[in-house]
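One structure below.
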Amino acid sequence: MGGSQVYSGGTRDEEEHEEQQAGQAQIHTEGVDELLDEIDGLLENNAEEFVRSYVQKGGQ
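Letter 28 of the sequence shown, counting from 1, is numbered 56 in the working numbering, and no numbers are missing.
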C-alpha cells in the first residue's frame, strides 16, 4: 500500500496571496484623532460662521 496525497486545489503562492488579502481589511486611522480635535477646535471658535456657511439660501 502506497501513501496518498491530498490535493488542496491551490498552490502555495495562491494561499499566501489569500492570507495577505485578509490582512488588508484593516482601517488606517492614524491622524484621525488629531484631525477631529482640530475640527472641534475650529467649531468651538467659529460655530456660528460654520453653520451659516452651510445654511441654504433662497431654496438652493
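Don't be surprised by glycine CBs; every beta carbon is placed ideally from N, CA and C. Treat the numbers as computed from the prediction; the structure is a model and nothing was measured.
**Request:** Return the first residue and the last residue of the alpha helix (DSSP H) that V60 is part of.
**Result:** V60 to Y82
**Asked** What separation, rounded to the nearest whole angstrom, lies between the Cα atoms of N73 and R80?
**Response** 14 Å
**Request:** Please go through the same chain and pick out, in chain order, the residues whose beta-carbon is closer than 7 Å to the beta-carbon of L71, but skip the five residues on each side of it.
**Result:** F78
**Prompt:** How big is the Cα-Cα spacing for E62 and E76?
**Reply:** 22 Å
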